[in-house]
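Using the numbering used here, read the sequence shown as starting at 5 and increasing by one per residue. Each residue gets a CB set at the ideal place from its N, CA and C atoms; glycine is no exception. What follows is a single structure, written as C-alpha coordinates, with notes after it.
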Amino acid sequence: MLIDWFTVGAQLLNFIVLVWLMKRFLYQPVLNAIAAREQRIAATLADAAATEAEAHRQQREFEQKNQAFEQQRADLLQQATNAATAEGERLRTEAAQVADKASAMRARALATDTEHLHAEIVRRAQQQVFAIARQVLDDLADTNLEQRVCEVFIQRLQAADDEALSALGKALRDTSEATPAVLRSAFELPAAQQTAIQAAIDETAGQTIALKFETEPDLVAGIEISAQGQKLAWSIEDYLSALSSAPHTAHESDATVAA
(Lines of atoms letter the chains of each structure in order from A and count residues from 1; the text may use other names and numbers.)
(Lines give C-alpha, C1' and ligand atoms only; values in the text may rest on other atoms or scores of the structure.)
Protein backbone atom coordinates (compact mmCIF):
# COMPACT_ATOMS: atom_id res chain seq x y z
CA MET A 1 0.00 0.00 0.00
CA LEU A 2 1.36 3.27 -1.09
CA ILE A 3 1.47 6.17 1.41
CA ASP A 4 0.37 9.55 0.17
CA TRP A 5 2.88 11.63 1.93
CA PHE A 6 1.30 14.83 0.69
CA THR A 7 -2.00 13.91 2.23
CA VAL A 8 -0.25 12.89 5.42
CA GLY A 9 1.65 16.12 5.46
CA ALA A 10 -1.49 18.14 4.79
CA GLN A 11 -3.40 16.34 7.53
CA LEU A 12 -0.50 16.78 9.86
CA LEU A 13 -0.37 20.42 9.01
CA ASN A 14 -4.11 20.71 9.47
CA PHE A 15 -3.78 18.98 12.85
CA ILE A 16 -1.02 21.29 13.90
CA VAL A 17 -3.00 24.29 12.76
CA LEU A 18 -6.08 22.90 14.53
CA VAL A 19 -4.12 22.33 17.72
CA TRP A 20 -2.66 25.81 17.47
CA LEU A 21 -6.06 27.30 16.81
CA MET A 22 -7.59 25.34 19.66
CA LYS A 23 -4.80 26.36 21.97
CA ARG A 24 -4.97 29.90 20.78
CA PHE A 25 -8.69 30.42 20.79
CA LEU A 26 -10.13 27.63 22.90
CA TYR A 27 -7.75 25.95 25.30
CA GLN A 28 -6.01 29.08 26.52
CA PRO A 29 -9.27 30.91 27.32
CA VAL A 30 -10.47 27.77 29.02
CA LEU A 31 -7.24 27.64 31.00
CA ASN A 32 -7.53 31.31 31.76
CA ALA A 33 -11.14 30.85 32.80
CA ILE A 34 -10.17 27.87 34.93
CA ALA A 35 -7.29 29.85 36.47
CA ALA A 36 -9.54 32.84 37.11
CA ARG A 37 -12.14 30.55 38.60
CA GLU A 38 -9.50 28.88 40.73
CA GLN A 39 -8.36 32.34 41.81
CA ARG A 40 -11.93 33.34 42.63
CA ILE A 41 -12.43 30.07 44.47
CA ALA A 42 -9.13 30.61 46.32
CA ALA A 43 -10.12 34.19 47.13
CA THR A 44 -13.55 33.01 48.25
CA LEU A 45 -11.95 30.29 50.36
CA ALA A 46 -9.51 32.85 51.76
CA ASP A 47 -12.40 35.19 52.51
CA ALA A 48 -14.32 32.32 54.03
CA ALA A 49 -11.29 31.36 56.11
CA ALA A 50 -10.81 34.98 57.15
CA THR A 51 -14.51 35.23 57.90
CA GLU A 52 -14.38 32.00 59.84
CA ALA A 53 -11.30 33.18 61.70
CA GLU A 54 -13.02 36.49 62.44
CA ALA A 55 -16.10 34.59 63.54
CA HIS A 56 -13.98 32.41 65.83
CA ARG A 57 -12.24 35.55 67.12
CA GLN A 58 -15.54 37.26 67.74
CA GLN A 59 -16.90 34.11 69.33
CA ARG A 60 -13.88 33.89 71.65
CA GLU A 61 -14.21 37.60 72.40
CA PHE A 62 -17.93 37.16 73.06
CA GLU A 63 -17.24 34.18 75.30
CA GLN A 64 -14.58 36.15 77.17
CA LYS A 65 -16.92 39.14 77.52
CA ASN A 66 -19.71 36.80 78.56
CA GLN A 67 -17.45 35.20 81.16
CA ALA A 68 -16.37 38.64 82.38
CA PHE A 69 -20.01 39.73 82.49
CA GLU A 70 -20.98 36.59 84.39
CA GLN A 71 -18.10 37.15 86.81
CA GLN A 72 -19.06 40.82 87.23
CA ARG A 73 -22.71 39.85 87.69
CA ALA A 74 -21.70 37.25 90.28
CA ASP A 75 -19.50 39.81 92.05
CA LEU A 76 -22.26 42.43 92.01
CA LEU A 77 -24.77 39.85 93.20
CA GLN A 78 -22.42 38.84 96.01
CA GLN A 79 -21.81 42.48 96.92
CA ALA A 80 -25.55 43.15 96.90
CA THR A 81 -26.13 40.07 99.04
CA ASN A 82 -23.42 41.11 101.49
CA ALA A 83 -24.73 44.67 101.58
CA ALA A 84 -28.29 43.43 102.13
CA THR A 85 -27.11 41.10 104.88
CA ALA A 86 -25.09 43.85 106.55
CA GLU A 87 -27.98 46.32 106.22
CA GLY A 88 -30.40 43.77 107.63
CA GLU A 89 -28.07 43.10 110.55
CA ARG A 90 -27.67 46.85 111.10
CA LEU A 91 -31.41 47.37 111.01
CA ARG A 92 -31.97 44.47 113.42
CA THR A 93 -29.32 45.86 115.76
CA GLU A 94 -30.76 49.36 115.50
CA ALA A 95 -34.27 48.02 116.07
CA ALA A 96 -33.06 46.09 119.10
CA GLN A 97 -31.32 49.20 120.45
CA VAL A 98 -34.43 51.30 119.85
CA ALA A 99 -36.54 48.65 121.57
CA ASP A 100 -34.11 48.52 124.49
CA LYS A 101 -34.12 52.32 124.76
CA ALA A 102 -37.90 52.39 124.56
CA SER A 103 -38.12 49.71 127.25
CA ALA A 104 -35.64 51.60 129.43
CA MET A 105 -37.54 54.85 128.89
CA ARG A 106 -40.83 53.15 129.75
CA ALA A 107 -39.22 51.63 132.83
CA ARG A 108 -37.81 55.01 133.88
CA ALA A 109 -41.12 56.72 133.16
CA LEU A 110 -42.94 54.07 135.19
CA ALA A 111 -40.45 54.43 138.04
CA THR A 112 -40.73 58.23 137.86
CA ASP A 113 -44.52 58.06 137.81
CA THR A 114 -44.42 55.65 140.75
CA GLU A 115 -42.09 57.96 142.68
CA HIS A 116 -44.25 60.98 141.87
CA LEU A 117 -47.38 59.10 142.90
CA HIS A 118 -45.72 57.97 146.13
CA ALA A 119 -44.44 61.48 146.78
CA GLU A 120 -47.89 62.91 146.08
CA ILE A 121 -49.51 60.40 148.43
CA VAL A 122 -46.93 61.21 151.13
CA ARG A 123 -47.34 64.94 150.52
CA ARG A 124 -51.10 64.78 150.78
CA ALA A 125 -50.90 62.57 153.85
CA GLN A 126 -48.45 65.00 155.43
CA GLN A 127 -50.69 67.91 154.56
CA GLN A 128 -53.61 66.18 156.25
CA VAL A 129 -51.51 65.29 159.30
CA PHE A 130 -50.04 68.79 159.47
CA ALA A 131 -53.49 70.34 159.14
CA ILE A 132 -54.83 68.15 161.93
CA ALA A 133 -51.74 68.84 164.04
CA ARG A 134 -52.08 72.60 163.51
CA GLN A 135 -55.74 72.47 164.46
CA VAL A 136 -55.04 70.40 167.54
CA LEU A 137 -52.16 72.64 168.59
CA ASP A 138 -54.22 75.76 167.96
CA ASP A 139 -56.93 74.35 170.19
CA LEU A 140 -54.45 73.32 172.88
CA ALA A 141 -52.04 76.26 172.64
CA ASP A 142 -51.53 78.38 175.72
CA THR A 143 -48.84 80.56 177.20
CA ASN A 144 -46.94 77.62 178.70
CA LEU A 145 -46.78 75.82 175.31
CA GLU A 146 -45.53 78.93 173.50
CA GLN A 147 -42.94 79.56 176.17
CA ARG A 148 -41.78 75.96 176.00
CA VAL A 149 -41.44 76.16 172.21
CA CYS A 150 -39.20 79.22 172.58
CA GLU A 151 -37.12 77.49 175.24
CA VAL A 152 -36.64 74.41 173.04
CA PHE A 153 -35.64 76.59 170.07
CA ILE A 154 -33.05 78.42 172.19
CA GLN A 155 -31.72 75.09 173.49
CA ARG A 156 -31.43 73.76 169.92
CA LEU A 157 -29.69 76.97 168.86
CA GLN A 158 -27.15 76.65 171.66
CA ALA A 159 -26.69 72.90 171.11
CA ALA A 160 -26.11 73.12 167.33
CA ASP A 161 -22.76 71.73 166.10
CA ASP A 162 -19.79 74.03 165.56
CA GLU A 163 -20.01 73.96 161.75
CA ALA A 164 -23.70 74.92 161.79
CA LEU A 165 -23.13 77.66 164.37
CA SER A 166 -20.16 79.03 162.40
CA ALA A 167 -22.17 79.24 159.14
CA LEU A 168 -25.19 80.73 160.90
CA GLY A 169 -23.05 83.18 162.89
CA LYS A 170 -21.33 84.46 159.76
CA ALA A 171 -24.71 84.87 158.00
CA LEU A 172 -26.09 86.75 161.03
CA ARG A 173 -23.09 89.10 161.18
CA ASP A 174 -23.61 89.95 157.49
CA THR A 175 -27.13 91.25 158.16
CA SER A 176 -28.03 94.90 158.54
CA GLU A 177 -31.02 97.12 159.18
CA ALA A 178 -31.72 97.04 155.42
CA THR A 179 -31.46 93.25 155.24
CA PRO A 180 -32.21 91.97 158.75
CA ALA A 181 -32.38 88.36 159.83
CA VAL A 182 -35.95 87.06 159.90
CA LEU A 183 -37.38 84.99 162.73
CA ARG A 184 -40.67 83.30 161.91
CA SER A 185 -42.93 81.63 164.44
CA ALA A 186 -46.23 79.83 164.29
CA PHE A 187 -47.68 82.27 166.80
CA GLU A 188 -47.01 85.84 167.78
CA LEU A 189 -44.19 85.90 170.32
CA PRO A 190 -44.66 87.92 173.51
CA ALA A 191 -42.09 90.64 174.23
CA ALA A 192 -40.33 88.54 176.88
CA GLN A 193 -39.81 85.64 174.50
CA GLN A 194 -38.64 87.96 171.71
CA THR A 195 -36.09 89.40 174.13
CA ALA A 196 -34.87 85.92 175.13
CA ILE A 197 -34.51 84.80 171.52
CA GLN A 198 -32.78 88.10 170.57
CA ALA A 199 -30.27 87.56 173.37
CA ALA A 200 -29.57 83.97 172.30
CA ILE A 201 -29.04 85.02 168.67
CA ASP A 202 -26.78 87.94 169.68
CA GLU A 203 -24.74 85.51 171.77
CA THR A 204 -24.46 83.11 168.83
CA ALA A 205 -23.31 85.86 166.44
CA GLY A 206 -21.13 87.61 169.01
CA GLN A 207 -22.77 90.94 168.27
CA THR A 208 -26.14 92.63 168.21
CA ILE A 209 -28.16 91.38 165.26
CA ALA A 210 -30.93 93.24 163.43
CA LEU A 211 -33.84 90.85 163.78
CA LYS A 212 -37.30 90.98 162.20
CA PHE A 213 -40.13 88.95 163.78
CA GLU A 214 -42.86 87.44 161.58
CA THR A 215 -45.75 85.05 162.13
CA GLU A 216 -45.97 81.88 159.95
CA PRO A 217 -48.81 79.47 160.95
CA ASP A 218 -47.51 76.76 158.58
CA LEU A 219 -44.56 76.13 160.94
CA VAL A 220 -46.85 73.97 163.11
CA ALA A 221 -45.93 75.33 166.55
CA GLY A 222 -42.36 76.00 165.50
CA ILE A 223 -39.73 78.70 165.09
CA GLU A 224 -37.13 79.31 162.38
CA ILE A 225 -34.50 81.94 161.77
CA SER A 226 -33.06 82.72 158.32
CA ALA A 227 -30.25 85.04 157.33
CA GLN A 228 -28.26 85.37 154.11
CA GLY A 229 -29.47 81.98 152.86
CA GLN A 230 -28.74 80.15 156.15
CA LYS A 231 -31.62 78.75 158.17
CA LEU A 232 -32.06 77.18 161.59
CA ALA A 233 -35.53 75.80 162.40
CA TRP A 234 -37.38 73.68 164.90
CA SER A 235 -41.04 72.73 164.80
CA ILE A 236 -43.38 69.83 165.43
CA GLU A 237 -43.39 69.41 161.64
CA ASP A 238 -39.83 68.07 162.02
CA TYR A 239 -41.15 65.22 164.13
CA LEU A 240 -43.96 64.52 161.69
CA SER A 241 -41.52 64.49 158.74
CA ALA A 242 -39.24 62.11 160.62
CA LEU A 243 -42.15 59.81 161.31
CA SER A 244 -43.18 59.86 157.61
CA SER A 245 -39.63 58.91 156.50
CA ALA A 246 -39.20 56.19 159.15
CA PRO A 247 -42.70 54.94 160.06
CA HIS A 248 -41.47 52.04 162.17
CA THR A 249 -38.96 54.02 164.27
CA ALA A 250 -39.93 56.80 166.63
CA HIS A 251 -37.19 59.42 167.04
CA GLU A 252 -36.76 63.12 167.48
CA SER A 253 -35.67 65.42 164.65
CA ASP A 254 -32.65 67.59 165.42
CA ALA A 255 -32.59 71.25 164.42
CA THR A 256 -31.56 71.65 160.74
CA VAL A 257 -29.28 74.22 159.12
CA ALA A 258 -29.70 74.65 155.35
CA ALA A 259 -27.91 76.89 152.89
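Of the listed residues the options, nearest to residue i (C-alpha basis)
{"i": "leucine 169", "options": "Arg112, Gln132, Glu220, Leu236", "result": "Leu236"}
{"i": "glutamate 181", "options": "Arg188, Ala54, Arg160, Leu215", "result": "Leu215"}
{"i": "alanine 231", "options": "Ala171, Ala54, Leu49", "result": "Ala171"}
Where residue i sits in the DSSP three-state scheme
{"i": "aspartate 104", "result": "helix"}
{"i": "isoleucine 7", "result": "coil"}
{"i": "aspartate 165", "result": "coil"}
Rounded distance between the beta-carbons of residue j and residue i, thought under 8 Å
{"i": "glycine 173", "j": "glycine 233", "result": "Rounded, the Cβ-Cβ distance is 14 Å, inconsistent with contact."}
{"i": "threonine 219", "j": "phenylalanine 191", "result": "7 Å"}
{"i": "alanine 154", "j": "alanine 200", "result": "Note on identity: in this sequence residue 154 is cysteine, with alanine being the wrong assignment. Confirmed, Cβ separation roughly 6 Å."}
{"i": "isoleucine 213", "j": "leucine 161", "result": "12 Å between Cβ atoms; not a contact."}
{"i": "isoleucine 227", "j": "leucine 187", "result": "7 Å"}
Straight-line Cα distance separating residue j from residue i
{"i": "threonine 11", "j": "methionine 26", "result": "22 Å"}
{"i": "alanine 87", "j": "phenylalanine 73", "result": "20 Å"}
{"i": "isoleucine 229", "j": "isoleucine 136", "result": "25 Å"}
{"i": "valine 21", "j": "tryptophan 9", "result": "18 Å"}
{"i": "alanine 39", "j": "alanine 57", "result": "26 Å"}
{"i": "alanine 196", "j": "glutamate 150", "result": "11 Å"}
{"i": "leucine 35", "j": "glutamine 43", "result": "12 Å"}
{"i": "glutamate 67", "j": "alanine 54", "result": "19 Å"}
{"i": "aspartate 178", "j": "isoleucine 205", "result": "13 Å"}
* Quick one: complete alpha helix (DSSP H) runs, 4+ long, within the segment 172-244? -> 195-209
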